[in-house]
Structures are given as structure tokens and as C-alpha cells.
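Visitor: The sequence shown lines up with residues 1 to 237 when you count with the UniProt record's numbering.
Where a beta carbon is used, it is the ideal one built from N, C-alpha and C, also for glycine.
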Amino acid sequence: MTEQVAHWFGLGAAEWQAVALSLKVAFWAALLSLPLGVFVAYALARWRFAGREILNGFVHLPLILPPVVTGYLLLMTFGARAPFGAALQEIGIVLAFRWSGAALAAAIMGFPLMVRAIRLSIEAVDPKLEEAATSLGASPIRVFWTVTLPLALPGVLAGVVLAFAKALGEFGATITFVSNIPGQTRTLPSAIYAFLQVPGGESAALRLVMISIVLAMGALILSEFLARRMAKRGRGA
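1. Leaving out five residues on either side along the sequence, give the residues of the same chain with a beta carbon under 6 Å from the beta carbon of G201.
2. Report back the beta-carbon spacing between I211 and V25 to the nearest angstrom; my notes put them in contact at under 8 Å.
3. Does DSSP put G57 in a helix, a strand or coil?
4. When you compare only the Cα positions, how much space is there between L11 and A205?
5. Which residue's Cα is closest to the Cα of L208: R186, E90, M76, R81?
6. How far does the alpha helix (DSSP H) with L95 in it extend, from its first residue to its last?
7. Entirely within the region 141 to 201 and at least 3 residues each: give me those beta strand (DSSP E) ranges in chain order.
8. Using 10 angstroms around the beta-carbon of T148, count the other beta-carbons present and answer buried if the total reaches 16, otherwise exposed.
9. Can you tell me which of Q17, A216, Y42 puts its alpha carbon nearest to the alpha carbon of E123?
10. When we look at the beta-carbon of L128 and count the other beta-carbons within 10 Å, is it buried (16 or more) or exposed?
11. Taking the continuous alpha helix (DSSP H) assigned at L32, which residues delimit it?
12. Among the residues of its own chain, which have a CB less than 6 Å from the CB of T2, if the five just before and after it don't count?
13. Could you give the distance in angstroms between the alpha-carbon of M114 and the alpha-carbon of A96?
14. Residue range of the alpha helix (DSSP H) that S135 falls in?
15. Identify whether G110 lies in helix, strand or coil by the three-state DSSP scheme.
16. Run the CB neighbour count on V40, radius 10 Å, all protein chains shown included, and call it buried at 16 or more, exposed below.
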């Protein structure tokens with residue numbers, strides 16, 4: 001089946017491998033960061049606590065730091081020779097130079113976009129609705145699950161889509177942390193880079209560039225659609 005799909009797009013085996021791995025990495029990066037993203041976004045939107053601005057700064061730090069710095073910090077934390085990475089390796093969890101490490105790097109780079117979209121959607125929810133549910137005896141957790149989250153759902157979905165799109169295009173942190181190993185860690189951006197380094201690889205790189213543009217535009221259009229849905233819901237339309 002995958003060979004047929006690759007043939008339809010004119011992709012070679014190595015190109016299709018990069019596309020499939022990128023989709024896999026982006027999917028898990030967005031999915032696994034979602035619970036923490038919702039929690040952090042809710043905390044920033046609704047809670048007032050000491051260190052709130054510091055937390056907000058840490059959340060957005062990957063957007064400001066050079067991606068290679070983030071990758072280096074991941075390598076120093078989760079590498080085989082790092083204390084924490086060695087401890088994880090003892091229980092069979094290896095992240096450095098594995099696709100799972102690429103997913104972790106992509107999740108960290110896309111996390112600020114996810115949190116921002118979800119935070120804005122939660123802030124758009126009228127607090128009076130939450131107060132009304134509380135006055136009727138609902139616990140804070142129940143208010144969140146039955147009032148806040150359903151109303152903020154378009155923003156949550158938009159955040160997931162943005163994080164997914166960012167993960168598809170992540171290069172600096174990923175290549176620093178997991179390198180560029182064909183079939184294991186070579187995602188779309190690193191495959192494009194690799195093809196441009198060899199004679200005659202321009203056509204393969206161009207095909208992957210076109211696929212990257214299509215995927216990114218599709219994600220942005222979907223995110224914009226969800227944002228508009230959120231705005232209409234906020235206006236009561």
C-alpha cells in the first residue's frame with residue numbers, strides 16, 4: 001500500500017521513508033504534548049501564582065533560542081552519557097539518535113504554539129459560565145471538563161494542528177539531538193538537506209519541498225478554520 005502511495009507522488013523509497021517518518025514523528029509529538037499543553041495553558045489563563053511569568057517565559061523559550069541550542073540541551077540531558085539519559089537507558093528507554101528522540105525535540109519546539117492557541121481559546125471562554133456551573137455545585141474539575149474544555153475545543157484543535165505542522169518542519173533541534181540517520185531519524189527537512197548535498201539530488205529535494213509546502217499549507221488552513229470557529233463561538237454566533 002505504501003509503495004502504491006509513493007508511486008502516485010513519484011517518490012523513491014528513501015523519499016517516501018522520510019515523509020512517513022515525518023508524519024509519524026509529528027503525530028506523536030503533537031499527541032503526547034497535548035495533555036501538558038492543556039494543563040499549562042489553563043494554568044496561564046486562569047490561575048494567578050508566583051512565578052507565572054517565569055513559567056510563561058520557559059514555555060516560549062524554544063521560540064527564541066536557536067533550535068540547535070535546544071537540540072544540544074536535549075543531548076546533554078537525554079544522551080547516553082548524560083546521567084538522566086543513562087538512567088532511562090537502564091529501563092530500556094533510549095531517545096538520542098532514535099525517532100522517539102526526534103518526536104521529543106519536535107514536541108518541545110511546537111509546544112509554545114500549542115500552548116498559546118489553547119490559552120487564547122480558554123481566555124475567550126466567559127468566566128461567568130464557569131461561575132454559574134460552580135454555583136450549581138459542580139467541582140472545579142467537572143467545570144473544566146463540562147464547560148471550559150468543550151467551549152475551548154476549537155482552540156485546542158488549532159493548537160494541535162499548529163504543533164503538528166511545526167513538528168513536520170523541525171530541523172535544527174532534531175538533527176542536533178538525533179542526527180540524520182536514513183530510515184531512523186531522517187525526517188522531511190533533514191532529507192531535503194541530505195539530498196541537496198549530493199549530485200543529482202535536486203529533483204528529489206524539490207519533490208520533498210513541494211510535499212512540505214502542501215502539508216504546511218493544509219495545516220495552516222485547518223488551523224485558521226478552527227480559529228474562526230472559536231471566534232464565532234466566542235461571539236455567540
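Guide: For this structure:
1. As a position in the sequence shown, residue 201 is number 201, starting the count at 1. So the qualifying residues of the chain are F195.
2. If you number the sequence shown from 1, residue 211 lands on position 211. If you number the sequence shown from 1, residue 25 lands on position 25. That pair is no contact at about 15 Å.
3. Translated into the one-based positions of the sequence shown, residue 57 becomes position 57. DSSP, read as helix, strand or coil, puts G57 in helix.
4. Translated into the one-based positions of the sequence shown, residue 11 becomes position 11. Translated into the one-based positions of the sequence shown, residue 205 becomes position 205. L11 and A205: Cα-Cα distance of roughly 10 Å.
5. The count along the sequence shown starts at 1 and reaches residue 208 at position 208. Of R186, E90, M76, R81, the residue nearest in Cα terms is R186.
6. By one-based count along the sequence shown, residue 95 stands at place 95. Boundaries for L95: no alpha helix (DSSP H) harbours it, and the DSSP string shows neither H nor E there.
7. none
8. Here residue 148 refers to the residue found at position 148 of the sequence shown. With 16 or more Cβ atoms within 10 Å of its Cβ, T148 is classed as buried.
9. In the sequence shown, the residue the question calls residue 123 occupies position 123. E123 has its Cα closest to that of Y42, out of Q17, A216, Y42.
10. Within the sequence shown, numbered from 1, the residue matching residue 128 stands at position 128. Per the sequence shown, residue 128 should be read as Lys rather than Leu. Its Cβ having fewer than 16 others within 10 Å, K128 is exposed.
11. Taking the first residue of the sequence shown as position 1, residue 32 is located at position 32. 13 to 46 is the extent of the alpha helix (DSSP H) around L32.
12. Residue 2 sits at position 2 when you count from the first residue of the sequence shown. Because the pLDDT at T2 is just 46, under 50, the model does not fix this residue reliably, and the point stays unresolved.
13. For the purposes of this step, residue 114 is taken as residue 114 along the sequence shown, with counting starting at 1. For the purposes of this step, residue 96 is taken as residue 96 along the sequence shown, with counting starting at 1. Each residue's alpha carbon lies about 24 Å from the other.
14. One-based indexing of the sequence shown puts residue 135 at position 135. Start and end: 127 to 135.
15. Here residue 110 is taken as the residue at index 110 of the sequence shown, counted from 1. In this structure, G110 counts as helix in the three-state DSSP scheme.
16. Here residue 40 corresponds to residue number 40 of the sequence shown, with the count starting at 1. Buried: at least 16 other Cβ atoms inside 10 Å.
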